[in-house]
Amino acid sequence: SFLQERLRYMLLLLLFLHGTDSFYVPGVAPINFHRNDPVEIKAVKLTSSRTQLPYEYYSLPFCQPTKITYKAENLGEVLRGDRIVNTPFQVSMNVEKKCEVLCNFPNKPVTLTVEQSKLIAERIREDYYVHLIADNLPVATRLEFYSNREEEEKKKEKDVQFEHGYRLGFMDGNKFYLHNHLSFILYYHREDVEENQEPTYRVVRFEVIPQSIKLEDLKADEKSMCTLPEATGSAPQEIDPSKENQLLFTYSVHWEESDIKWASRWDTYLTMSDVQIHWFSIINSVVVVFFLSGILSMIIIRTLRKDIANYNKEDDIEDTMEESGWKLVHGDVFRPPQYPMILSSLLGSGIQLFCMILIVIFVAMLGMLSPSSRGALMTTACFLFMFMGVFGGFFAGRLYRTLKGHRWKKGAFCTATLYPGVVFGICFVLNCFIWGKHSSGAVPFPTMVALLCMWFGISLPLVYLGYYFGFRKQPYDNPVRTNQIPRQIPEQRWYMNKFVGILMAGILPFGAMFIELFFIFSAIWENQFYYLFGFLFLVFIILVVSCSQISIVMVYFQLCAEDYRWWWRTFLVSGGSAFYVLIYAIFYFVNKLDIVEFIPSLLYFGYTALMVLSFWLLTGTIGFYAAYMFVRKIYAAVKID
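Residue numbers (this note's numbering): 3 to 643.
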């Protein structure tokens, strides 16, 4: 009955997903407001693409409510550096506010100490943005500009783009100015209700216009009300880092009705850049990759058919034709390589990564990991990696047995700790630097302990379980016997060098995905939303196809050159596109990011190293299994005495 219940639930979920056009999933319910209902404004964090160090909102001397309460956060939010907290902004549904002083003492301005002034000036210099949310919608700043259209059209319409959050302040020469007045513009959608019922509203957009207004120009009265000066005659609020500064924090609220329905309220945030480039690049990648794949497949299949036909010809006159090419090494091709335990462990981690990435992208493509559920993507990825340990262990165990390994317990431990250990080690070192900077991006100690418990409490036992069953299973069936004495390998041509192979093999898979890589890098390093998971799924499929085919071609050429040491080499060469990802990351750092300090640079290259390592394991594993299947197939097709 429990199983029936689960199946019924799954069926309902699928029907719901099929029937809805919206971006949302069950469990993310809209909140209905009546007029005068409070709409809570919360702060998420401060971010800067120049330092890559997020800080919590109250790390700067903003006005505080009487009681500060932090929202309970999921794993993904903690790892992202979000610290969601309440703010003293009083906003009510569909109630306008002209200008109100934020801190509790209306006529008494806030005095910033020299230390606080220095800190604010430093954050303004580092180009920090403040991120607020209202009803789970992030605040955005509207940017209007003219596109490169004809002169007549220019006068008619402007292009509108939105920037996440709002700038903390700005610099003019060597002077610092703080945005101390926020004009909130909230858009609501009026819901259809019956005649005698009170109308209900839903928040569908949250914009802000930040302004810098000098203390003298903001006239505040006893009731916390203030009057804004005329736009032309006001001077901005300067922050002098060498002395104490006095200022008022103020805000105004304006409500507008909107036709946007609640289900499509995120569209504004997700159409922030031109998508045509995306379409063009994806189609371009698909065409190029499938064209090249077709050519490679044709060449390989035709050559192979000829080879196999020649090898299987029975020669009537001569006793045996002299063997040449890949048939020559049939007695050595399945000779176990050096360090079989490490090879099988790395491939096990590669399988774990492959399963995790495939499921995450597929689920995200269905809209279940939308940006509205903060941190869901990272939380899901962490848990899935832990649970996929059972598959990683199974494949590693079976391959280790095939490679004549005997110490399965040591092999399982190696699989469960080698790759995760490197990741944890790098993250821990980087985390120490982030702690030193007092950033909210530092993973708190309890979370680190929880991650270690997940690793040793979930992942490790599951890897052991998978390894045990994989090791007990029949090893992979190799079609030819291995000779006792290894064959001598002839001298190889220069282009058969490992590094040349890596450079050649990496181009095609990297070419298929480098535009997508640009969008992913922008999402990670420039605080953009990444949401094009449909495209990403397509690119992932192309990556799998191209890695497999390149790997097969490379192993074929290697065996034709009578070099049978293909196990490690295939794994290394198939991951060649990771080298290009590293080159691209360096290019992105130099050309796109404005990072100058040591710690942000260290963070960038530390996390890039992890991405490159993971990408190498992923593509290397895909290529290795494709090549292994290919080698078994071709040697099974020839007659060997």
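Backbone N, C-alpha and C fix where the C-beta goes; we use that ideal spot for every residue, glycine too.
- Query: In angstroms, rounded to a whole number, what distance separates the CA positions of Leu454 and Thr115?
  - Reply: Cα to Cα, Leu454 sits roughly 42 Å from Thr115.
- Query: Does Val255 have its Cβ less than 8 Å from a Cβ in chain B?
  - Reply: Protein chain content of the structure displayed is limited to a single chain, and chain B is not contained in it.
- Query: Distance, Cα to Cα, Asp269 vs Pro448?
  - Reply: Between Asp269 and Pro448, the C-alpha separation is close to 36 Å.
- Query: For Ile491, is the classification buried or exposed, using 16 other Cβ atoms within 10 angstroms of its Cβ as the cut-off for buried?
  - Reply: Ile491 should be labelled exposed.
- Query: When you compare only the Cα positions, how much space is there between Pro243 and Tyr60?
  - Reply: Computed Cα separation, rounded: 19 Å.
- Message: For Val633 and Gly459, what's the separation of their Cα atoms in angstroms?
- Response: Their Cα atoms are separated by approximately 38 Å.
- Item | Pro201 burial status per 10 Å Cβ neighbour count (16 or more: buried) | Exposed.
- Task: Measure the alpha-carbon distance for Tyr497 versus Ile363 and round it to whole angstroms.
- Result: One alpha carbon belongs to Tyr497, the other to Ile363, and they sit about 37 Å apart.
- Query: For Tyr466, which residues from the same chain have a beta carbon less than 6 Å from its beta carbon, with the 5 sequence-adjacent residues on both sides left out?
  - Reply: Taken in chain order, the residues that qualify are Ala414.
- Message: Comparing C-alpha positions only, which one of Glu75, Gln486 and Met358 sits nearest to Arg337?
- Response: The option with the nearest alpha carbon to Arg337 is Gln486.
- Item | The alpha helix (DSSP H) enclosing Asp269, as first and last residue numbers | From DSSP, the alpha helix (DSSP H) with Asp269 extends over Asp269 to Leu272.
- Message: Can you tell me whether Met358 is buried or exposed? The criterion is at least 16 other CB atoms within 10 Å of its CB, across all chains shown.
- Response: Label assigned to Met358: buried.
- Item | Euclidean distance between Cα positions of Arg567 and Asn480 | If I take the Cα positions, the gap works out to 16 Å.
- Task: Whole angstroms is fine: what's the gap from Pro63's alpha carbon to Leu250's?
- Result: Roughly 12 Å separates the two Cα atoms.
- Item | 8 Å Cβ cutoff met for Gly508 and Thr417 | For the 8 Å CB-CB criterion, Gly508 and Thr417 do not form a contact.
- Task: Tell me whether Gln118 sits in a helix, a strand or coil according to DSSP, three-state version.
- Result: Gln118 falls in the helix class under three-state DSSP.
- Task: Assign Ser442 to one of two classes, buried (16 or more other C-beta atoms within 10 Å of its C-beta) or exposed (fewer than that).
- Result: Its Cβ being crowded by 16 or more others within 10 Å, Ser442 is buried.
- Message: Going by beta-carbon coordinates alone, are Glu209 and Arg144 separated by less than 8 Å?
- Response: Contact flag set, yes.
- Message: Across the stretch 382-397 and the stretch 429-437, are there enough close Cβ pairs to call them in contact, namely three or more that are closer than 8 Å?
- Response: Result no; under three Cβ-Cβ pairs closer than 8 Å.
- Item | Own chain, CB closer than 6 Å to Val614, minus 5 neighbours either side, in chain order | For Val614, same chain residues with a beta-carbon under 6 Å away, outside a window of 5 residues either side, are Ala580, Val583 and Leu584 in chain order.
- Quick one, which of Ala525, Ser50, Leu139 and Pro422 has its alpha-carbon nearest Ile33's? Of Ala525, Ser50, Leu139 and Pro422, the residue nearest in Cα terms is Leu139.
- What number of angstroms, rounded off, separates the C-alpha of Pro463 from the C-alpha of Ser299? Rounded to the nearest angstrom, the two C-alpha atoms are 41 Å apart.
- What is the rounded straight-line gap between the Cα of Ile588 and the Cα of Met506? Those two C-alpha atoms are separated by around 20 Å.
- Query: Given that a residue counts as buried once 16 or more other Cβ atoms are within 10 Å of its Cβ, and exposed if not, what is Thr71?
  - Reply: It counts as exposed.
- Would you mind reading off the limits of the alpha helix (DSSP H) that contains Lys500? Looking at the DSSP string, the run of the alpha helix (DSSP H) that includes Lys500 is Lys500 to Trp527.
- Going straight from the alpha carbon of His332 to that of Tyr590, what length do you get? The alpha-carbon atoms of His332 and Tyr590 are separated by roughly 46 Å.
- Where Phe542 and Lys216 are concerned, what is the direct C-alpha to C-alpha distance, given to the nearest angstrom? Across the structure, Phe542 and Lys216 are spaced so that their CA atoms are roughly 53 Å apart.
- Message: So, with DSSP's three-state summary, where would you put Leu48?
- Response: Strand.
- Message: Rounding to the nearest angstrom, what Cα-Cα distance links Met456 and Met388 in this structure?
- Response: Cα to Cα, Met456 sits roughly 7 Å from Met388.
- Query: What is the rounded straight-line gap between the Cα of Ser553 and the Cα of Phe539?
  - Reply: If I take the Cα positions, the gap works out to 21 Å.
- Using the C-alpha atoms, what's the distance from Tyr168 back to Ile122? The straight-line gap from Cα to Cα measures roughly 15 Å.
- Determine, using beta carbons only, whether Val255 and Val93 come nearer to each other than 8 Å. In contact: Val255 and Val93 (Cβ atoms closer than 8 Å).
- Query: Just the Cα atoms here: how many angstroms apart are Met556 and Thr305?
  - Reply: Between the alpha carbons of Met556 and Thr305 lies a distance of about 14 Å.
- Task: Check each candidate in Met631, Leu371 and Gly377 and name the one with the smallest Cα separation from Val335.
- Result: Measuring from the Cα of Val335, the nearest candidate turns out to be Met631.
- Whole alpha helix (DSSP H) elements within the stretch 423-505, 4-residue minimum: Taking only runs of at least 4 residues, the alpha helix (DSSP H) segments lying wholly in the stretch 423-505 are 447-456 and 462-474.
- Task: Would you kindly check if the distance between the Cβ of Gly625 and the Cβ of Cys549 is under 8 Å?
- Result: Less than 8 Å separates the beta-carbon of Cys549 from that of Gly625.
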